[in-house]
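Written below as structure tokens is the structure these notes are about.
2 protein chains.
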Amino acid sequence: MRPVAIIGIGQTKIDEQWEKSIRQIAMEAILAALKDAGRASAEGLFLGNMMSGIINSQNNLAPLVADWAGLTIPAVKVEAACGSGGAALRSGLMAVASGELESVLVAGVEKMTDRNPHEVTAALATAADADYELEMGVSFIGLSALIMRRYMHEYGWKHADFAPFAINAHANALHNPFARLQHKITLEDFEKSAMIATPINLLDASPIGDGAAALYIVPADSVQSGTRVLIAGSASSTDTIALHDRSDLLFLTAAFKSAQAAYKQAGVGPKDIDVFELHDAFTIMTALSLEACGFAERGQGPRLGLDGDITPTGHIPVMTRGGLKARGHPVGATGVYQVVEVVQQLRGECGETQVPEARIGMAQNIGGSGATIITHILKRE
Amino acid sequence: MRPVAIIGIGQTKIDEQWEKSIRQIAMEAILAALKDAGRASAEGLFLGNMMSGIINSQNNLAPLVADWAGLTIPAVKVEAACGSGGAALRSGLMAVASGELESVLVAGVEKMTDRNPHEVTAALATAADADYELEMGVSFIGLSALIMRRYMHEYGWKHADFAPFAINAHANALHNPFARLQHKITLEDFEKSAMIATPINLLDASPIGDGAAALYIVPADSVQSGTRVLIAGSASSTDTIALHDRSDLLFLTAAFKSAQAAYKQAGVGPKDIDVFELHDAFTIMTALSLEACGFAERGQGPRLGLDGDITPTGHIPVMTRGGLKARGHPVGATGVYQVVEVVQQLRGECGETQVPEARIGMAQNIGGSGATIITHILKRE
Chain A
1 MRPVAIIGIG QTKIDEQWEK SIRQIAMEAI LAALKDAGRA SAEGLFLGNM
51 MSGIINSQNN LAPLVADWAG LTIPAVKVEA ACGSGGAALR SGLMAVASGE
101 LESVLVAGVE KMTDRNPHEV TAALATAADA DYELEMGVSF IGLSALIMRR
151 YMHEYGWKHA DFAPFAINAH ANALHNPFAR LQHKITLEDF EKSAMIATPI
201 NLLDASPIGD GAAALYIVPA DSVQSGTRVL IAGSASSTDT IALHDRSDLL
251 FLTAAFKSAQ AAYKQAGVGP KDIDVFELHD AFTIMTALSL EACGFAERGQ
301 GPRLGLDGDI TPTGHIPVMT RGGLKARGHP VGATGVYQVV EVVQQLRGEC
351 GETQVPEARI GMAQNIGGSG ATIITHILKR E
Chain B
382 MRPVAIIGIG QTKIDEQWEK SIRQIAMEAI LAALKDAGRA SAEGLFLGNM
432 MSGIINSQNN LAPLVADWAG LTIPAVKVEA ACGSGGAALR SGLMAVASGE
482 LESVLVAGVE KMTDRNPHEV TAALATAADA DYELEMGVSF IGLSALIMRR
532 YMHEYGWKHA DFAPFAINAH ANALHNPFAR LQHKITLEDF EKSAMIATPI
582 NLLDASPIGD GAAALYIVPA DSVQSGTRVL IAGSASSTDT IALHDRSDLL
632 FLTAAFKSAQ AAYKQAGVGP KDIDVFELHD AFTIMTALSL EACGFAERGQ
682 GPRLGLDGDI TPTGHIPVMT RGGLKARGHP VGATGVYQVV EVVQQLRGEC
732 GETQVPEARI GMAQNIGGSG ATIITHILKR E
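Protein chains in written order, with the numbering used here: chain A, 1 to 381; chain B, 382 to 762.
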């Protein structure tokens with residue numbers, strides 16, 4: 001594969017965007033990425049989105065978005081539930097790496113707030129196993145609650161031990177103008193927040209939202225070295241969707257496999273990662289991701305939060321722009337937001353939450369409760 | 382790009398498969414392709430599907446299908462409405478061509494008959510522009526009817542002039558054990574069939590169905606030449622989704638562009654194509670595809686049917702296994718069925734409907750009323 005670089009990023013504020021259609025939101029992120037890249041168009045668009053068919057009555061979304069952005073270019077939608085954004089980047093990457101395309105826009109978009117909450121909950125549940133999980137009436141958050149309860153039982157953590165993950169996310173989002181929730185939370189807020197699905201309460205969970213993010217990628221040899229952001233590693237792995245089919249409920253096997261493959265490609269290990277945008281849909285997922293990717297021993301993920309290792313100046317900064325928890329989780333767009341944020345870190349554009357001298361960053365996007373996991377490692381060089 | 386070859390094909394009979402889940406149908410096609418290729422697994426799965434989120438309450442479909450087939454491999458769903466199958470092949474092709482993966486399964490699946498017809502009609506309509514077309518109450522077939530009515534007015538054809546397309550499709554499907562409609566039809570049947578959306582009647586339209594098809598692709602240099610089927614051309618183009626935004630309602634610009642790009646890659650022209658599996662969702666689309674791809678002058682597509690040029694022994698055989706019209710149209714799977722059928726022709730496996738000495742074949746898959754068009758050219762060599 002020929003090396004690929006990211007030369008443009010764009011994003012919209014995650015919010016309830018009732019006055020904007022899904023195409024409008026996607027277009028805004030794409031135009032921002034084009035402007036940032038200094039380009040007028042691209043040879044292709046790969047669009048991550050999970051639920052436009054259900055929520056927006058719109059399939060065939062990619063050419064619609066391309067057309068609305070004034071680009072009649074080859075365009076395709078990639079779907080891997082909440083991992084759609086990362087999957088779209090990986091598909092776009094291969095299009096450039098193969099030599100087939102010289103420039104590609106990768107975008108992720110989701111517009112979720114036009115429907116009422118129970119419809120959105122039903123749509124989110126399509127990320128689980130329809131025949132064996134949904135059929136039993138379990139929601140997506142319910143599945144994560146099953147994992148978290150077992151994890152707490154197995155390793156002896158109490159609920160408040162997960163608080164630092166959410167507190168860090170909110171503290172960082174305060175400095176991200178694109179974040180949905182721009183307010184601090186305290187340990188007391190965390191402990192008092194409403195229970196959603198025991199043991200997951202409101203502040204363990206990420207908020208949905210309407211938003212889009214975009215990237216512009218090109219062959220690395222067309223960009224001057226010294227300032228470029230390379231995609232040094234890219235890997236995807238899968239596991240069973242249904243939790244009851246997993247050999248181990250408390251280990252994200254697909255995260256382990258995709259991280260190992262990405263580390264190998266990039267020639268790095270966990271110790272080399274300066275910033276890690278992980279998929280903190282729920283606080284339990286933060287712990288499991290940190291463990292599967294080699295930053296903590298099994299069952300010891302919460303320790304990193306309690307010890308202050310995850311802040312922008314800690315050993316392994318995570319959710320530096322707010323993460324899913326506070327930046328927000330427009331599901332099919334999230335994977336692209338993560339990569340945009342890693343690029344911002346590597347460019348040194350993060351102000352108050354800048355990780356000092358960040359040179360290597362990782363983004364990991366999860367579809368379902370660990371079924372699809374896509375890891376990207378970026379390097380500034 | 383390094384050249385890529387198809388070494389395995391699989392398909393299921395298109396039917397109402399009420400006793401089988403979507404994962405089961407997809408698995409059957411995948412296992413058939415693995416068996417045909419003589420392989421036990423692959424390094425990745427690219428799955429074309431349009432409406433599993435709406436109809437089957439199942440997103441994250443690709444890892445689900447991979448798991449059910451006993452393959453915990455990287456897997457992603459590609460969506461481009463009815464062009465999803467062709468789009469999945471193109472994504473899989475780039476994964477192999479880039480050197481990232483050494484073997485890839487490409488599959489398409491759709492399970493549509495579990496819902497009642499008005500729900501399926503609504504799901505199909507998501508291929509159109511939700512905000513500007515669906516909002517007006519127009520169905521997907523209604524949009525095609527608008528095109529056909531204008532075409533007949535503009536070029537002076539009468540409805541019966543489109544009959545040969547449907548008659549040829551049914552005559553060929555009679556010899557395809559995987560086809561949904563295995564019966565002949567006559568001109569009288571065509572003229573007497575029920576009106577659906579003037580001027581489109583029942584026998585202008587393709588039937589939906591449940592079905593899956595699969596391909597196994599590898600780098601061409603790993604296969605002995607002389608017997609291999611190469612993907613010699615692959616191109617995707619897009620146009621506006623909404624018909625009112627088209628500069629020309631009666632010309633498939635995206636078909637023209639993607640066919641021209643594929644011809645150029647393959648170093649061939651329309652005269653070299655021995656067999657053409659086109660996207661005959663409605664008879665009008667057959668005429669427009671033949672014109673856009675250079676087989677007929679503008680407005681003269683129906684002439685090829687009336688002159689007998691489209692039969693397996695004609696100048697440009699189309700729908701040689703039944704086409705969408707009689708093989709059936711499980712929307713997200715159709716593009717893969719088309720390529721499977723071209724491979725069958727190039728291998729000389731088509732019996733009664735074998736195109737003599739077929740060496741170069743083309744498949745063209747359409748998403749929406751011409752919004753996404755993907756063309757593949759295959760060569761036996």
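Each residue gets a CB set at the ideal place from its N, CA and C atoms; glycine is no exception.
Quantities reported herein were computed from a predicted structural model and do not represent experimental measurements.
Neighbour flag for residue i against chain A, beta carbons, 8 Å
| i | result |
| --- | --- |
| P693 of chain B | no |
| D495 of chain B | no |
| M431 of chain B | yes |
| V604 of chain B | no |
| D512 of chain B | yes |
| S520 of chain B | no |
Top-ranked residue by Cα proximity to residue i, from the options
| i | options | result |
| --- | --- | --- |
| S84 of chain A | A:E102, A:V65, A:A97, A:V106 | A:V106 |
| A541 of chain B | B:T494, B:A506, B:L583, B:F559 | B:L583 |
| A462 of chain B | B:I612, B:L428, B:E481 | B:L428 |
| A504 of chain B | A:D272, A:N59, A:D129 | A:N59 |
| G108 of chain A | A:A213, A:S41, A:G142 | A:A213 |
| I167 of chain A | A:F190, A:R115, A:A262, A:V76 | A:F190 |
| R530 of chain B | B:I387, B:I388, B:G680, B:A635 | B:G680 |
| T579 of chain B | B:A526, B:G713, B:R609, B:A586 | B:A526 |
| S52 of chain A | B:T567, B:A509, B:T734 | B:A509 |
| R246 of chain A | A:I147, A:E28, A:M195, A:T113 | A:I147 |
| A421 of chain B | B:A443, B:I395, B:L452 | B:L452 |
| R115 of chain A | A:F282, A:E341, A:I208, A:I377 | A:I208 |
| A205 of chain A | A:N172, A:T227, A:A163, A:F178 | A:A163 |
| L378 of chain A | A:Q224, A:G368, A:I22, A:V342 | A:V342 |
| I9 of chain A | A:Y216, A:E188, A:Q24 | A:Y216 |
| E400 of chain B | B:T494, B:L482, B:I388 | B:T494 |
| A456 of chain B | B:A450, B:A476, B:L426, B:A478 | B:L426 |
Assumed close pair residue i, residue j - CB separation to whole angstroms, cut-off 8 Å
| i | j | result |
| --- | --- | --- |
| N430 of chain B | E500 of chain B | N430 of chain B to E500 of chain B, Cβ: 17 Å. No contact. |
| A88 of chain A | V336 of chain A | 7 Å |
| T286 of chain A | F165 of chain A | 5 Å |
| D274 of chain A | A371 of chain A | So it is not a contact: roughly 28 Å between Cβ atoms. |
| V485 of chain B | E397 of chain B | The pair is not a contact, with the Cβ atoms about 30 Å apart (cut-off 8 Å). |
| H772 of chain B | G467 of chain B | The first residue shown for chain B is 382 and the last is 762, placing residue 772 of chain B beyond what the model contains. |
| P698 of chain B | F676 of chain B | Contact doesn't hold; Cβ gap of about 11 Å is too wide. |
| I403 of chain B | T507 of chain B | Actually they do not touch by this definition, with Cβ atoms about 17 Å apart. |
| S603 of chain B | E762 of chain B | With 8 Å as the limit, S603 of chain B and E762 of chain B do not qualify as a contact, their Cβ atoms being about 15 Å apart. |
| V610 of chain B | E483 of chain B | Not confirmed; about 18 Å, so no contact. |
| L727 of chain B | T715 of chain B | Wrong, their Cβ atoms sit about 19 Å apart, outside the cutoff. |
Proximity test, residue i beta-carbon vs the ligand MN heavy atom, cut-off 7 Å
| i | result |
| --- | --- |
| A75 of chain A | Of ligands this structure carries none, so the ligand MN is not represented either. |
Chain-ordered chain A contacts of residue i [CB-CB under 7 Å]
| i | result |
| --- | --- |
| M382 of chain B | S98, G99, E100 |
| T507 of chain B | G53, S57, Q58, N59 |
Where residue i meets chain B, residues with beta-carbon distance less than 9 Å
| i | result |
| --- | --- |
| L134 of chain A | S438, Q439 |
Chain A contact residues for residue i, given Cβ-Cβ distances below 9 Å
| i | result |
| --- | --- |
| A640 of chain B | Near A640 of chain B there are no residues of chain A at all, since even the closest Cβ is about 14 Å away, more than 9 Å. |
| V459 of chain B | V76, K77, V78, E79, S91 |
Interface residues of chain B facing residue i [CB-CB closer than 7 Å]
| i | result |
| --- | --- |
| V109 of chain A | Within 7 Å Cβ-Cβ: nothing; V109 of chain A doesn't reach chain B, min ~13 Å. |
Under 8 Å from the C-beta of residue i: neighbouring residues of chain B
| i | result |
| --- | --- |
| T238 of chain A | A443, P444, A447, D448, T453, I454, P455, A456 |
Practice problem: Check distances from the C-beta atoms of the stretch 469 to 484 of chain B to those of chain A and list, in chain order, the residues that come in under 7 Å. | Solution: S472, M475, A476, A478, S479, G480, E481
Quiz item: the stretch 182 to 212 of chain A: which residues have C-beta closer than 7 Å to a C-beta of chain B, in chain order?
Solution: none
Quiz prompt | Residues from the stretch 723 to 752 of chain B in contact with chain A, defined by Cβ distance under 7 Å | solution = G748, G749, A752
Quiz item: Taking any Cβ of chain B, which residues in the stretch 62 to 75 of chain A have a Cβ under 8 Å from it, in chain order?
Solution: A62, P63, L64, A66, D67, T72, I73, P74, A75
Quiz prompt | Positions along the stretch 18 to 38 of chain A whose CB lies within less than 9 Å of some CB in chain B | solution = S21, I22, R23
Quiz prompt | Residues from the stretch 607 to 637 of chain B in contact with chain A, defined by Cβ distance under 9 Å | solution = S615, A616, S617, S618, T619, D620, T621, I622, A623, D626, T634, A635
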